[in-house]
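Written below as structure tokens is the structure these notes are about.
Chains as they are written, first to last, in the working numbering: chain A, 23 to 365; chain B, 23 to 365; chain C, 23 to 365; chain D, 23 to 365.
Written out as structure tokens, the structure is:
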């Protein structure tokens, strides 16, 4: 590596294009030399050209087999992640993989083993850790400004529910949506979750129940260090993407507010009207995606550890599985419950 | 009643003096004609005189037996509440009673029966309903501005822990502190709690455990209307009294922020520094106490229902009992659990 | 004086009743023993009785001549202030006088001379100095937290314009409304004004011009210490009473925001709607009036200097006169301009 | 033009590189085909290559004479702007020119005449109009939400003073710094300035006086429609780049707050500490530069008017000249003053 990380992009759907555009135009030291997509079409080829990606392919092997490629961005569908990670690891390439690594534990474990064996890097796409506000909360807590951590709270509500066609395959609210928050509470508390209790309901749309899912959930968590946590999710918050975190400790509390579309306020006889939060994750975490990519590129070029690794990807999935079982049984579930740690 | 409510004040401790001073100077239509305290002393007599209370007594019977007294404020210790309510009801007097009515269900029930039989009014001192910010949140939700209610959240954290001598007799965090929040979630959701799950720990001070208590707790609640709720309490929030509520619904969210000591902000190279929240309940709910008293006096003078009644007092205690059992068993507990509904 | 300041209240109009009620119920150590009003009527007598004032009179001499009265609150019409100050001073009574002392310099000067000669105290009713937010701004600046002061800004806008019958006799926007802000910039800058430039217009209602007045004005000020200042006033701000101050200095800036009716915020698809500022000065400066009265009573009882004295009353009037001349001439006017310092 | 605007970039200093990078990576439909700089060096050539600019030159004529170039971005030093505008106009190219067009009126006028004669577009770089918060304030006012405009206020303070070597040639605070705010008040008020009064001083650093300049200034403005305005500038605000605007009108007020580095708040016993404003114009107006460039490219490709034209460039310079004369004479100065309208 000579100061430029030569990247192969796998998957040119929405998230693949996002990473691709950012890497080409905003991330110094990154260069995508090939983009592969099993469903390559004219639209994807046109996009690739527009961002200066010289080569396109239908076959990821064209990336894995290319000795000039240093790293891969795995942005294909979740069910392909584990195989691609294993393949990329064998090929000696550093790996950025979108979350989740997989939805079953055995696939995650074989991915992590392959990565370890190959001695390559694996960064998992928990993008919210790179949001400047969440990061500032983390940094204040991690640097001891609030002393010992007592409680972590995460409010995470989407502006609009996904279509039912998505819900059907999403893996459920804990695996698909709250998984970000499970990572967030680990990030903010600096400790591991030991037990969860989940309460949920179909308040937005009863059709979620048709897929065994809920649209609203509150999960209470216990941490190894004794701290407590709580996360609330809702699939539909019509006032906008609600993304707030709080950490309470012995010396104080650090929390953040939503990022608004603008800072203007209209004061009339009706009150003072401010802007809505930035619409959804593409807007709110726009800058965070770039920071995430920069962190990966920097870790590869400087041979430093990645900031979010395979273990983080595993832990979030385990918590999601425990939350699922808790919802189904109506009881708290420990993370070492055999139903959680096995597939 | 001729436009003035003649009141007998029972109990001249901190809360009794607070109600007494307010009633005498800030509540139109109220007049305390006698103040009784089992432990009457010179200091209490001096205070009574300073606020214009003409008569003092060691014996509450002097109040109950006085046909010129229309209503009583029961501000004595919790263990006396039920007997005084029963006695006042029999005497035909309207009753304001500080919370809780009692810590066991049978005492509450005999109080409510006596009140019902006598046809008098009973208002319970859930003062937070009269806070202008919490009330504005309630009013927005109750008037349909956020549509169907999905989730209610209450963050309620005291600035400093009470002395262990108090903890010993407090009845525990749920009965002593979170009871206000149990009432608040009923007020905000417009629905009854059906099940609770409580997680807690001694994070502030391990001595709470000596009394079987916790200092930090998160309680998840389910409501009859399908909504979910969550309350977090901590005995010590060194940044100040943290009192925030949120209601999320199908059309939006209404929430409040803490009331600060002042609205000044100092911007320097270190950032922007604002004031702390008003210190504790006497400061934060200073105006709410007056509104609470006005509401009682108005209800008595106009023969309208009181805004917070005996049933509200009972329900909050039942939720507290369920939360206690949940903490002890590590399981969710229904409100109709026999351990909850019996003493 | 034996720990209680015996007060004579002169004038039972709106502001007189406000001071009177506060002094009787909220200011420890204060006791109004007589209230006088040239236009005493049943309503005023009823009010006096309701707040526990034993004696009423049509003749202020009943107050001045009463050797048991320690201090007077002059709340009568502006044109009577100077004579009453002189009379009270001769009678050896400490004086609280509502602003302005007078609208012409000679009346102010003879008032101040009488006060000085008698060795009594004179506090002028610049109530905003006692607002907790403005005071916090002042305290931060005065204690050096922003270093040398560069610029002071005051935004002061009334929610609704007074009736034209009031405008006719008000003395104009500078003497009637901005006079509070002239005192505020002196308070915040810690320096004396040397020159002003006033721009104004009739934007709200052209009828202000009928009385030679404007309804909107911006005044730029220069201070002895080199700092600059700016004040903007408007007679009508339909979104509520807008009262914000800023002080900029070499190390930072301290400013305040309006006090809102409550801290609730309603977030919907339309944005986030917060409450309006507290309506007008009676609401916004409600607590400040009490603090002002307490400060006077404390100064009298402890024989300490009053926090806002006669010189402050004079200075604000001189600035108002200079602003008036600037508006009329379209030129900056110095405070030592003979038209300013003479009547 | 076939959907792509072929651009020649003139000047590769800080602002030229900023526009260049944005145009290449973030502005759809833009393509820089040549970049010219009188002082071309290796660093500039390297930069050009890194953003995909194929051709570099020392001679702007290589751009003007190239028939394949549709538009130019003039980012060279101010003294070259007028000549380059005239030359580009003659060559039939659309023009984006950084502010100011020139510091003397005759140069501006000959630029505007050349542009008009050639029928090309000229957009002037008043980037703040494209800031999302300022724009939201403008849009609310322009759409009538606050009714008739009464007062416009702009607070604009730089985080740190420029070096004296810059001050020497800057043209003074009004031409160099406040010129943005002069454009802003025209933008927000929807009206033309008729008279200004400027007060200023050297509060930050007495060395500004060595160059006949001030470091702190307050300018009061009158508008054709009767509205009033005020701008305050300071060369050094150590708490960060302070960029706030307010518009007051008959129905309300719309204003904005600074954009902060993040939305985290740390609450401890010392108060609540939030982040500083984003550091300086490159950070605060980062997105606005892109919006500005997009607006120009869109206007060129769709043959629509540019949002900020040559007249806007002229007007801001005239106001700056009037402010300068006011500061020197201590008197208000009209915009039609011969000293303002002539060189």
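No residue lacks a Cβ here, since even glycine has one placed at the ideal position from N, Cα and C. Predicted model only: the values in this text are computed from it and were never measured.
Please classify residue i: does DSSP put it in a helix, a strand, or coil?
i, result
"residue 174/A", "strand"
"residue 44/A", "helix"
"residue 179/A", "strand"
"residue 59/A", "coil"
"residue 257/B", "coil"
"residue 362/C", "helix"
"residue 263/C", "coil"
Buried or exposed, going by whether 16 or more other CB atoms sit within 10 Å of the CB of residue i?
i, result
"residue 304/D", "exposed"
"residue 82/D", "buried"
"residue 178/A", "buried"
"residue 160/C", "buried"
"residue 181/A", "buried"
"residue 175/C", "buried"
"residue 233/A", "exposed"
"residue 354/B", "buried"
"residue 114/A", "exposed"
"residue 41/B", "buried"
"residue 139/A", "exposed"
"residue 166/D", "exposed"
Looking at C-alpha atoms only, which residue of the options is the closest neighbour of residue i?
i, options, result
"residue 136/C", "162/C, 105/C, 149/C", "105/C"
"residue 129/C", "141/C, 100/C, 155/C", "100/C"
"residue 214/B", "171/B, 89/B, 26/B", "171/B"
"residue 149/D", "33/D, 329/D, 339/D, 78/D", "329/D"
"residue 261/B", "282/B, 33/B, 273/B, 274/B", "282/B"
"residue 299/A", "249/A, 198/A, 263/A, 326/A", "263/A"
"residue 78/B", "55/B, 315/B, 122/B, 201/B", "55/B"
"residue 173/A", "195/B, 193/B, 258/B, 157/B", "258/B"
"residue 311/C", "191/C, 323/C, 49/C", "49/C"
"residue 47/D", "317/D, 323/D, 73/D, 322/D", "73/D"
"residue 280/C", "291/C, 271/C, 306/C, 290/C", "306/C"
First and last residue of the alpha helix (DSSP H) that includes residue i?
i, result
"residue 85/C", "83 to 86"
"residue 245/C", "Looking at the DSSP string, residue 245/C is not in any alpha helix (DSSP H); the run it does join, the beta strand (DSSP E), is 238 to 245."
"residue 336/C", "332 to 351"
"residue 103/A", "100 to 112"
"residue 131/A", "127 to 140"
"residue 308/D", "308 to 324"
Does residue i come within less than 8 Å of chain C when only Cβ atoms are used?
i, result
"residue 270/D", "yes"
"residue 252/D", "yes"
"residue 294/A", "yes"
Does the beta carbon of residue i sit closer than 8 Å to a beta carbon anywhere in chain A?
i, result
"residue 240/B", "yes"
"residue 290/D", "yes"
"residue 225/D", "no"
Considering only heavy atoms of the ligand GTP, does any lie closer than 7 Å to the CB of residue i?
i, result
"residue 104/D", "Inclusion of the ligand GTP in the displayed structure is not the case, the ligand content being empty and no account of it being possible."
Starting from residue i, trace the beta strand (DSSP E) in both directions and tell me its first and last residue.
i, result
"residue 64/C", "Looking at the DSSP string, residue 64/C is not in any beta strand (DSSP E); the run it does join, the alpha helix (DSSP H), is 64 to 72."
"residue 220/A", "215 to 223"
"residue 276/B", "274 to 278"
Quick check on residue i - is its C-beta less than 8 Å from some C-beta in chain D?
i, result
"residue 369/B", "Beyond the ends of chain B as shown, which are 23 and 365, falls residue 369/B; an answer cannot be given."
"residue 212/C", "no"
"residue 145/A", "no"
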